Structure formats: C-alpha cells, structure tokens
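The structure under discussion appears below in the form of structure tokens.
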C-alpha cells in the first residue's frame, strides 16, 4: 500500500478499528488515486472541500436521513500569529472552518480532529479555544482537557506528538482518550523508562521490507522483483495476521514484488547538503524525495520540516496507524458503552484537508 497520504492512514486505522468507511474527501489527485485503489467500496470525493456540502456527501453515499457515526479529519493550521482578530477568521485556517462546517451539516454522533501538538500551548491556544467554542455553541460537547498523544506510547516505533480533539453530540455520551499501552524507547533523543512494554523499534516495523538502495533498477522504475524477510509481530499485527479483533480487509499482496519504491538519483551536491544540515535548520527542497537515498538529520519538504522520517511510504503507514486505531476504538458505539467497544453505525467519513 502506498500510503503517503494522511487520508490513507486515517482510512486504514478506521477500518482496522471496526468501522465501515463510507466516504472520503481528498483534494490531491495522487493521494485520492491511492485511496480509491485500496478502498474501492468507499465513495470518493476528489475535490476541494470548500465546494462540497454535507448534503452532497449524504446523498452521494445514500445515507441521507441516517445517523452517521463519526467524521474524522485533519487540516493544516498556519495562521497562528493573531493580533486583534479571531484566529478562525484567518484565511490560512480556512480548512479547519470547513471541517467544522461539514461536521455541523452532517451532524455525526462523533468527530475527531487531528492537528499539531503546538496548537495546545502559547499563542496558538487561542485558535484551539475558538474551534472548541464553535462546536460547543452548536450542540456538540468536547472531551476536555484536550490531550496531545505521543505515538510511541501506543506501540508505534516513533516519537511523534499530535493534538487530538474529540467531540460528541450532546445526546450521546462523551468517549474517553485511550491510555498508553507502551513505554517509549526514546523521546527527543533521550532514553525513557516505564513499567509498560517497550514500544517496537523501527527495525521491528520494517525488518522484512527489502532495502530499496540495493536495487539499481529502482532509479528508473517504481517496481522490482524482491524477496521479503519474515515479518515481526508488529508488522504481522498491522497486516491483520496476528490479531483476532482486527477488522480490516486483507488486501491482495504479491510478496515477490517491491512496489512504490522508486529512488531519487540525487546529485552529490544534494547529498552533501543534507548530510551537513543540523536540526532544526530548514533547507527547502523542490520536491518530495523517495525512500532511503539520503543520510540526513532533517529533511525539509517544501516549507515543512520533517525530522528523522526518511523511511518511505510503507514505513510511514506502519508507524502512524496504531495511534489512530487505538483512538477510534475508544469511541463508544451505544449509550451504554464508554470505552473500547466494537464500533457500530451506518457511516464513517474521513478527510485529508491538505
């Protein structure tokens, strides 16, 4: 699965947690093509969400008049430096407004909005408070205090924090945040200790995937014949091969092919630049670089700094999915359940607002 898109991660986690994903919205055509290939039963809206209404989504999925279980999404928030005006009015934050609009038009039982951890502190907290106020003034309640979740504490081989905002209609019970299941190996490069099982290592997550750097033909092609190793328990769980409560559909997979792994033929000048760039300096690049061809402390894609994440699409899918799966599994499916039920409902809508 080529899962560079945040939408693909959300869809996969949602499905594994037990939801039928009925609709998805994604503006980027490449990401939507990936989604449509992997989720053929989901109705796709490959368009700007600002041109889409909740009514169109419900009609397009045949769910008008039904009680939708949840809407989940994420949107970039760049307009945080606010002096004398509301953060929600900043045009750079328009996509968060659009997410809220869709939620209020569809009226799902629950919504989940993911964003950067910094939104919960300092001057950015004003923006978060305005988002919460918008929902609370429209018959929704929000789980407070809003929490920032550390991916490594949920069995993910990566130290990555994300703010997760969870809301519910006022006629249904509020869910709870999932509690950590693992102890992180390292946070910000520092060893940590805990009583929970250690989070898997990156090696465990990727151990059976062939090294793309060992295949010269991937400099000119996107696929090659390769032999995979034995998957770790972590990888087997994500494939649905090691858990009885994994609700995802098993996708066809040819173990003799390494796909979506075309390498970039970097110049020596580019390699030297990345090798000598210490974090957190930004070095803008013109395009997204494929897997495993740069040794670097940090890589800047466009204007966004991505730290220690040069591990490719398969790796990003594996290390980001479990937090979403754990979180979605904590949403109650009826008025009598409050934590970790098998979700039910007639609709689940995912957004990637990028």
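Numbering (our numbering), first residue to last: 875 to 1228.
We treat Cβ as the ideally placed atom computed from N, Cα and C, and that holds for glycine.
Please read all numbers here as calculations on a predicted model, not as lab measurements.
For residue 1147, there is no enclosing beta strand (DSSP E); the residue is found in the alpha helix (DSSP H) stretching over 1142-1149.
Residue 1011 and residue 978 have their C-alpha atoms some 11 Å from each other.
With a minimum length of 4 residues, the unbroken runs of alpha helix (DSSP H) contained wholly in the region 986-1018 fall at 999-1010. For residue 1102, the three-state secondary structure derived from DSSP is coil. Assignment of residue 1050 by DSSP, reduced to helix, strand and coil, places it in the coil class.
In this structure, the CA atom of residue 1079 is about 13 Å from the CA atom of residue 1085. With fewer than 16 other Cβ atoms inside 10 Å of its own Cβ, residue 1139 counts as exposed. Closest option to residue 1113, judged by alpha-carbon separation, among 1098, 1101, 1099, 1129: 1129. Residue pairing by DSSP places residue 1072 opposite 1057 in a beta bridge. For residue 928, the enclosing alpha helix (DSSP H) covers residues 928-934. Below 8 Å, enough C-beta pairs join the region 1031-1046 and the region 973-987 to call them touching: three or more. Annotation for residue 922: 901 place their beta carbon closer than 6 Å to its own, counting only its chain and skipping 5 residues before and after. Where residue 919 is concerned, the enclosing beta strand (DSSP E) starts and stops at 917-919.
Where residue 978 is concerned, the enclosing alpha helix (DSSP H) starts and stops at 968-980. Look at residue 923 here: in three-state DSSP terms it is helix. Burial check for residue 1125: the Cβ neighbour count within 10 Å stays below 16, so the residue is exposed. Assigned with DSSP and collapsed to three states, residue 1137 falls in coil, not helix or strand. For residue 894, the closest of 903, 911, 916 by C-alpha to C-alpha distance is 916. The beta carbon of residue 1133 sits closer than 6 Å to those of 1097, all from its chain and outside the five residues before and after it, given in chain order.
Counting of Cβ neighbours within 10 angstroms places residue 1095 among the exposed residues, the total staying below 16. DSSP places residue 1083 in the coil class of the three-state scheme, outside both helix and strand.
Burial state of residue 1099 is exposed, judged by a 10 Å Cβ sphere holding fewer than 16 other Cβ atoms. Buried is the label assigned to residue 1137, since at least 16 other Cβ atoms lie within 10 Å of its Cβ. Taking the Cα positions, residue 999 is about 28 Å away from residue 888. For the pair residue 897 and residue 928, the Cα-to-Cα distance works out to about 11 Å. The alpha-carbon separation between residue 1106 and residue 1074 amounts to approximately 10 Å.
By the Cβ-count criterion, residue 993 is buried, with 16 or more other Cβ atoms from all chains shown falling within 10 Å of its own Cβ. Counting C-beta atoms within 10 angstroms of its own C-beta, residue 1049 has 16 or more neighbours from the protein chains shown and is therefore classed as buried.
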